[in-house]
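Reading the sequence shown from the start, the letters are residues 202 to 785 in our numbering. One structure is given here, and the rest of the page talks about it.
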Amino acid sequence: MAETALERWVNQAAALTQPDRIVWCDGSEEEYQSLIELGLREHVYHRLNHTAYPGCYLHRSHPSDVARTEHLTFICSDRRDDAGPTNNWMSPRDADEQILPLFRGAMKGRTMYVLPYVMGPLGSPFSKVGVEVTDSVYVATSMRIMTRMGRAALEQLGGSDDFVPGLHSIGDLSPSRRFIMHFPQRRAIWSIGSGYGGNALLGKKCFSLRLASAMGREQGWLAEHMLVLGLEDPQGNVSYIAAAFPSACGKTNLAMLVSALPGYRVRTVGDDIAWLRIGADGRLWAVNPEAGFFGVAPGTSDQTNPNMMAAIRRDTLFTNVALTPSGVPWWEGINGAGPAGLIDWRGQLWGRNGDKAAHPNSRFTVRAANCPSMSPHWEDPQGVPISAIVFGGRRARVAPLVFQSFDWQHGVYVGAGMASETTAAATGAVGVTRRDPMAMRPFCGYNMGNYFAHWLRLGGLMPCPPAIFHVNWFRTGADGRFLWPGFGDNVRVLKWIIERVQGHAAAVETPIGYVPAPGSLDLAGLDLPAGALADLLSVDREAWEAELTEQAQFFSQFGRRLPDEVSHEHQALAERLGVAEAIS
Ligand code: GTP
Ligand code: SPV
Ligand code: MN
């Protein structure tokens, strides 16, 4: 029989990397178990206490390989300007020159796993096939949890050549020989030198955001760093919300929150990525392309996220968490102080010298199906219809708890002007405010100026586009503590958002948008300290003036690629704030 496009590519990858063995993964349970067994023998995995945590294993990554490395992540478009000022760029030719020598012979003595996978529900018109080849057992087992992997993907592909090839090797794990390269024109991914999360599980950020955003631009849809949830009201009506927050800013927690308001329920569709298309009915429809969660461990507890705590009690892979003497995973925020004899994420007795026992970016990998809050519609091939889009960030100041944009165009500007304090999800300084439009700065596979234009254009194609909001759970008071309790109480904000969409919650107009009118935010049963609500909703003119200046600097990098509508909205805000001199 003639060689298929897939076989040809796998053979080429093998010729380059020279593995000892090639294993085509079928995605079965038996195969998963045997990969775990192999991982145990090779100390890639450690067995956890299977009485308390059946089917759970711990992986400790190399200490220099604990988060996405944005400075080593490249968009390799033909022209630098097509990657834009927010991406690292390398020409495809230079990329070949840099990375081919690193891949040459990289799998000698190792096994190459071929992982065909589908992003999106099986049989959905949204879904797309990728194939990752990797020499990492950790990646093979994680991809089986995070995607629909194996036979089903080969069936969906058939003899077609319509798949995204992703070549991955852990190489020697050296950051100086680490590259994560994306080729939007070739639709291919090359990643070497890291075994961690978004650097190595190529279906996730590399395919489903960086390449998919570029595909969506051409094909008229959006790939976004968004959770998707359904909010059910006491009458049983369900409204769907898609929300984009930067890494480690609360998507997973919001997606599965347990409501503090009686009669309201949140159902999870996705916690990290959404693919959005305009349906035949003119509404915006979303699917979650993933099949699992790769969630932040620290801060996760029975109080903050009981649904996730239930999900991760079985068949879960933990990465870089601490370990109690009885073999149970532990992290900061799970429950009080660490027990005596705690082993830290590096595998050493925890010194209690101020170091974290679990790495701040330690994570769990678990199938979505394990989570008790999944929506009955989370795998619907058509997706779910979105009523509201929410942008959010981690801002100690400036951004109020919630505000609503005036319309789609203003909402796109709100997203484009977003900023957030950096977190441990990527290497580099933590807590530094940076512009992060739509929470996509690290993930947009093309020039963000064109990305804003794409958003504006899609809005024009919807007779009644979703309303756009901005939230901030992380505003602090004078004492430096969070003003808002967050987690389950965030449902109060979701309720206001949906009531705004339905037209029956009151709001006050401010220069930046609508904030809740007194009494319109349901605070029943919540004891906020006096003055906290006013602080949470306040719009500080001086802070917003400074914000305008920072936005102007950021936007100016895009030159002619910045849509006029964004400049216009920026100018209009300056005028509403009464800033004398126009900023452009
Ligand atoms: P990625 O997986 O990196 O994209 O992160 P994410 O956006 O899904 O963030 P996640 O929900 O995992 O939360 C990150 C951290 O923020 C965790 O430590 C949470 O406990 C904390 N967090 C989440 N929601 C809230 C909230 O409402 N208030 C406060 N104070 N902290 C929160
Ligand atoms: C993020 O950093 O936004 C994540 C984790 O969701 S990773 O898969 O590493 O991208
Ligand atoms: Mn994420």
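C-beta atoms are modelled at their ideal positions from N, C-alpha and C, and glycine is treated no differently. Source: prediction; values computed, not measured.
Which stretch, first to last residue, makes up the beta strand (DSSP E) that contains residue i?
i	result
G471	R466 to G471
W476	A475 to I479
P176	In the structure as shown, the chain starts at 202 and stops at 785, and residue 176 therefore has no counterpart that could be examined.
I713	Careful: I713 lies outside any beta strand (DSSP E) and carries neither H nor E.
I587	V585 to G593
T568	One point to set straight first is that residue 568 is Arg, not Thr, in the sequence displayed. Taken as a continuous stretch (DSSP letters only), the beta strand (DSSP E) holding R568 covers R564 to R568.
F384	F380 to F384
R222	R222 to W225
How would you write the range of the alpha helix (DSSP H) that residue i sits in, first residue to last?
i	result
V780	First-last for V780: undefined, no H or E at that position.
P366	Premise fails: P366 lies in the beta strand (DSSP E), F364 to S370, not in any alpha helix (DSSP H).
W210	A206 to T218
E356	R352 to L358
V330	Taken as a continuous stretch (DSSP letters only), V330 belongs to no alpha helix (DSSP H), being part of the beta strand (DSSP E) at K329 to T335.
T342	V338 to M347
S392	Counting along the chain, S392 falls outside any alpha helix (DSSP H), though it belongs to the beta strand (DSSP E) covering A389 to I393.
M416	A413 to Q420
F756	R742 to S757
W546	Looking at the DSSP string, W546 is not in any alpha helix (DSSP H), and its letter there is neither H nor E.
W579	No alpha helix (DSSP H) contains W579, which DSSP labels as neither H nor E.
R701	V692 to Q703
L738	A733 to L738
G399	G398 to A401
With residue i and residue j assumed to form a contact (beta carbons below 8 Å), what rounded beta-carbon distance in angstroms separates them?
i	j	result
P317	V338	The pair is not a contact, with the Cβ atoms about 17 Å apart (cut-off 8 Å).
W546	R345	About 24 Å separates the two Cβ atoms, so there is no contact after all.
G394	L412	Rounded, the Cβ-Cβ distance is 20 Å, inconsistent with contact.
M619	P638	6 Å
G584	V488	4 Å
I479	L659	7 Å
A443	V429	5 Å
G180	M313	Here the chain comprises residues numbered 202 to 785, so residue 180 is not present and cannot be evaluated.
M509	T501	6 Å
S440	V603	The pair is not a contact, with the Cβ atoms about 16 Å apart (cut-off 8 Å).
Y254	R514	6 Å
L320	G404	For the sequence presented, residue 320 should be read as Met rather than Leu. Rounded, the Cβ-Cβ distance is 6 Å, consistent with contact.
F675	A597	7 Å
A845	P447	The first residue shown for the chain is 202 and the last is 785, placing residue 845 beyond what the model contains.
M575	N506	M575 to N506, Cβ: 14 Å. No contact.
D473	E491	7 Å
R311	D295	Between D295 and R311 the Cβ distance is about 27 Å, and since that is not below 8 Å, they are no contact.
Could you check whether the stretch 581-592 touches the stretch 667-676, counting it as contact only if at least three pairs of C-beta atoms, one from each stretch, sit closer than 8 Å? yes
Would the stretch 444-464 count as touching the stretch 367-387 if we require 3 or more Cβ pairs under 8 Å? no
Sequence ranges, beta strand (DSSP E) only - wholly within the stretch 598-686, length at least 3: 603-605, 620-622, 634-636 and 668-672
Check each residue's C-beta against every heavy atom of ligand 2 and list, in chain order, those closer than 6 Å. R269, G398, G399, K405, K406, S448, D473, F495 and A626
Count the CB pairs spanning the stretch 691-706 and the stretch 452-467 that are closer than 8 Å, and state whether there are at least three. yes
In chain order, which continuous runs of the alpha helix (DSSP H) of length 4 or greater are located wholly inside the stretch 468-538? 507-512
Using 8 Å as the Cβ pair cut-off and three pairs as the minimum, do the stretch 242-257 and the stretch 353-363 touch? no
Decide yes or no for the touch test of the stretch 538-552 against the stretch 479-495: beta carbon pairs closer than 8 Å, at least 3 of them. no
Segments of 3+ residues assigned as beta strand (DSSP E) that fall wholly inside the stretch 426-463: 427-433 and 439-445
Unbroken stretches of the alpha helix (DSSP H), 4 residues or longer, contained in the stretch 232-313: 281-284 and 293-304
Could you say if the stretch 509-528 and the stretch 299-314 meet the contact criterion of at least three C-beta pairs nearer than 8 Å? no
Three CB pairs or more closer than 8 Å across the stretch 465-478 and the stretch 571-587: yes
Count Cβ pairs between the stretch 620-638 and the stretch 751-771 that sit closer than 8 Å; are there 3 or more? yes
Are the stretch 276-284 and the stretch 254-268 touching, with three or more C-beta to C-beta distances below 8 Å? no
Say whether the stretch 487-503 touches the stretch 561-569, bearing in mind that this needs 3 or more beta-carbon pairs closer than 8 Å, one atom from each stretch. yes
contact_flag[the stretch 622-635, the stretch 703-716] where n(CB pairs < 8 Å) is 3 or more: no
Can you find at least 3 beta carbon pairs, one from the stretch 417-425 and one from the stretch 641-652, that sit closer than 8 Å? yes
Under 8 Å, with one C-beta from each stretch per pair, do the stretch 732-742 and the stretch 708-724 reach the 3-pair mark? yes
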